[in-house]
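Step one of this worksheet: look at the structure below.
Residue numbers (mature numbering (1 follows the signal peptide of the UniProt record, and there is no 0)): -40 to -1, 1 to 209.
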């Protein structure tokens, strides 16, 4: 009620100096819809383990020396804005798309951070937990980015014919953390892969790592309340009206 009265009163008092009440109200509705929908889910996966194989030249990313046997950590983060989602019952949940991502790679205490706009994908499956005789539990995420001068990719994932999900459903929005236990579970995959190549500088590093720990977390970004957005629009309208009324006729 306040906004309707305010807009009408504003239109009557300064008339030609601002847009009509109907135009402003329509604009406010559109803006409020945009404000309420401006949110996304932030997905992060982290793996830790030991490098099992490596290829690198003398200008590598993580310092000189053989990296085999060194400890690594890989953290991939992106949001699901514009992503394509795939679902199958409660046994599979996946997404893929093109957006800004970040990849933080640490090897033997040396950290490299990559922030690029490229392809991302993430998936979970819980065929084993759900009791599917031919199913497996899976958790996987990856990013990649390529230009003529530079390319980078990072992937990590685990898969087991025994269950490791705490919940009954495979879900990208249900965080979980697991420690790989080969003595308890039969893992068909527990590997991380990273590759980086810079044509201009000659730096090039590719390695594979055996995962010992894997975790997935999600954060739902909170949209701005519509009421605050409308108040902001009202303040801008008042400011514009004051500036116009001060101008000479």
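Note that the Cβ used here is the ideal one computed from N, Cα and C, for glycine as well.
As the structure is a prediction and not an experimental result, all values here were calculated from the model.
Counting only the Cα atoms, residue 121 lies some 7 Å from residue 95. Per DSSP, the beta bridge partners of residue 103 are 80 and 114. For residue 125, the three-state secondary structure derived from DSSP is coil.
Cβ neighbours of residue 58 within its own chain (closer than 8 Å, five residues either side excluded): 42, 77, 78, 79 and 80.
For residue 37, the enclosing beta strand (DSSP E) has its first and last residue at 31 to 39. Between the region 40 to 54 and the region 5 to 20, the count of C-beta pairs closer than 8 Å stays below three; the two stretches do not touch. Distances from the alpha-carbon of residue 65 to those of 180, 176 and 152 put 152 closest. For residue 119, the closest C-alpha among the options 101, 179 and 72 is that of 101.
The secondary-structure analysis by DSSP pairs residue 10 across a beta bridge with 31 and 170.
The Cβ neighbour count for residue 160, taken over all protein chains shown within 10 Å, is under 16; the residue is labelled exposed. Assignment of residue 136 by DSSP, reduced to helix, strand and coil, places it in the strand class.
Secondary structure note for residue 148: its beta strand (DSSP E) is the uninterrupted segment 147 to 158.
Measuring C-alpha to C-alpha distances from residue 134 to each of 48, 164 and 84 identifies 84 as the nearest.
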